[in-house]
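According to our numbering, the residues represented by the sequence shown are 93 to 412, in order. Quick notes on the structure that follows.
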Amino acid sequence: MVSEVGNRQSKSGRRAEYWTKLRRDIKRDKWLYLMLLPGLIYFVIFKYLPMYGIIISFENYVPFSGVTGSEWVGLKWFSYFFKSPSWIRYLTNTLILSLMNIVLYFPAPIILALLLNEMRSLRYKKVLQTLLYVPHFISIVIVVSITFVIFGSSGIVYKATEAMLGHPVKYLSDPRVFRWMIIGQTIWKETGWGTIIFLAALTNVDTQLYEAAMMDGANRFQRLWHITLPAIRSTIVLMLVLRMGSVLDTGYDHLILMANAMNRSVSQTLDVFVYEQGLGKSGGNYSYAAAVGLMKSVISVILVMSSNKVAHALGEQGLY
93 MVSEVGNRQS KSGRRAEYWT KLRRDIKRDK WLYLMLLPGL IYFVIFKYLP MYGIIISFEN
153 YVPFSGVTGS EWVGLKWFSY FFKSPSWIRY LTNTLILSLM NIVLYFPAPI ILALLLNEMR
213 SLRYKKVLQT LLYVPHFISI VIVVSITFVI FGSSGIVYKA TEAMLGHPVK YLSDPRVFRW
273 MIIGQTIWKE TGWGTIIFLA ALTNVDTQLY EAAMMDGANR FQRLWHITLP AIRSTIVLML
333 VLRMGSVLDT GYDHLILMAN AMNRSVSQTL DVFVYEQGLG KSGGNYSYAA AVGLMKSVIS
393 VILVMSSNKV AHALGEQGLY
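This is the structure we're talking about:
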């Protein structure tokens with residue numbers, strides 16, 4: 093009995109100490125918290141409040157009846173998805189694209205940031221950075237249009253390949269080429285923008301370490317391997333953990349724009365399925381689309397938590 097009272101008092105004491113510290117921190121850094129407020133309001137309004145709509149995943153949702161007036165069906169739509177003969181194809185295509193994104197796209201900004209960091213001329217470095225950032229601001233519709241012009245049947249790459257190989261390569265319709273085209277477009281569009289965080293991390297590397305390594309006879313690659321990479325390792329791990337949260341997001345707009353009747357077997361992913369069920373040709377089944385979207389989100393949360401535990405096991409700080 094005495095120990096229980098002591099435990100309660102210690103918990104209440106820690107709680108009071110926590111709130112006292114929080115009030116002190118807010119008073120000290122009030123302007124920083126004020127700057128945080130717009131972002132917090134954005135996430136509450138556009139991210140957390142819409143989560144109320146998750147309920148329709150367990151209902152036979154009818155827009156005219158509303159969320160509260162629709163029939164409750166429990167796990168019907170989840171069961172219906174896994175009983176569908178095509179769910180393996182959607183999941184497989186999603187996982188293959190996600191794996192290619194992790195293996196091919198994720199290292200690209202890191203490699204590019206390391207190359208930019210090795211540039212001697214600050215002027216040329218800034219010009220090159222600006223040029224590399226530009227594709228990020230180009231709409232994916234424009235990127236796909238450029239791809240059609242270059243790799244289409246009358247495009248320069250199509251004709252050059254046909255002249256060299258003696259037969260045409262159908263870049264836009266061959267299922268074997270489709271995924272590589274998607275990853276290539278993603279790398280071209282987002283790699284430059286992705287270097288921002290890694291370049292910022294590289295600015296914190298102590299230059300005296302490079303000078304000491306040079307005096308010891310280390311060449312440029314050795315300085316890169318033993319100084320630069322270990323210095324940004326925590327940032328790389330953090331970005332990889334965050335990336336796992338969106339690893340199943342393949343981008344329905346990108347895939348729909350690139351899809352056609354010839355490559356449909358590899359272009360159908362979970363994102364495309366959710367779009368088709370909610371707003372596409374077979375649209376109107378909002379509950380089905382919401383159920384698959386919720387399942388994808390739950391898997392993403394599990395991946396983030398698992399990768400964060402792996403980061404801790406490897407001695408890294410991780411996300412939290």
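For every residue, glycine included, the Cβ atom is placed at its ideal position computed from N, Cα and C.
Excluding the 5 residues flanking L132 on each side, which residues of the same chain have their C-beta closer than 7 angstroms to its C-beta? none
Enumerated in chain order, which unbroken segments of the alpha helix (DSSP H) with a length of 4 residues or greater are wholly contained in the region 203–251? 214–225 and 232–243
In DSSP terms, what N355 is bridged to: DSSP output for N355 lists no bridge partner at all.
Which value, in whole angstroms, describes the spacing of the CA atoms of V94 and Y110? In this predicted model, V94 has a pLDDT of only 47, less than 50, meaning its place in the structure is not dependable enough to derive any value.
DSSP on L400, reduced to helix/strand/coil? Correcting the residue type first, residue 400 is Asn in the shown sequence and not Leu. The answer is helix: DSSP assigns N400 an H, G or I state.
In whole angstroms, what separates the C-alpha of V249 from that of W280? 16 angstroms
Alpha carbon to alpha carbon, how far is S178 from A255? 39 angstroms
Best match in M350, V136, V226 and S157 for proximity to P267 [C-alpha to C-alpha]: M350
Output the distance between the C-alpha atoms of I221 and G284, rounded to the nearest integer angstrom. According to the sequence as given, residue 221 is Gln; it is not Ile. So the alpha carbons of these two residues sit roughly 7 angstroms apart.
Which runs of the alpha helix (DSSP H) spanning at least 4 residues fall entirely within the region 110–140, listed in chain order? 122–135
Go through its chain and collect everything with a Cβ distance to A323's Cβ below 6 angstroms, but skip five positions before and after it. V297
Proximity to L291 [Cα-Cα], best of L321, S265 and F313: L321
Expected contact under 8 angstroms - CB spacing of A413 and Q369 to nearest Å: No answer is possible for residue 413: it lies beyond the span of the chain, which begins at 93 and ends at 412.
What are the boundary residues of the alpha helix (DSSP H) that F270 is part of? P267 to L294
Can you look up E254 in the DSSP assignment and give me helix, strand or coil? helix
List the endpoints of the continuous alpha helix (DSSP H) containing H259. That residue, H259, is in no alpha helix (DSSP H); it is neither H nor E in DSSP.
Minimum length 4: unbroken alpha helix (DSSP H) runs contained in the region 314–343: 325–336
Coil, strand or helix - N445 by DSSP: The chain is shown from 93 up to 412; residue 445 falls before or after that span and cannot be answered.
Leaving out the 5 sequence neighbours to the left and right, which residues in its chain are closer than 6 angstroms to N209 when beta-carbon positions are compared? L294
Under a Cβ-count criterion, where at least 16 other Cβ atoms within 10 Å of its own Cβ denotes burial, should F173 be classed as buried or exposed? buried
Going by CA-CA distance only, name the one from A205, F229, I230 and H228 that's closest to L218. Going by the sequence as given, residue 218 is Lys instead of Leu. Closest option to K218, Cα to Cα, is A205.
Between Q34 and N185, how many whole angstroms is the CB-CB distance? I'm expecting something under 8 angstroms. Summary: the structure shown does not reach residue 34, with the chain confined to residues 93 through 412, and so no result is reported for it.
Candidates T239, E282 and T299: which alpha carbon is nearest K262's? T239
I'd like the list of long-range same chain contacts for T253, defined as Cβ closer than 6 angstroms, with 5 residues on each side in sequence excluded. V261
From the DSSP secondary-structure annotation, give me the bridge partner or partners of N152. E163
Using the C-alpha atoms, what's the distance from S245 back to L257? 15 angstroms
Report yes if the C-beta distance between V366 and L347 is below 8 angstroms; otherwise report no. no
Can you tell me where the alpha helix (DSSP H) with L301 in it begins and where it stops? T299 to M307
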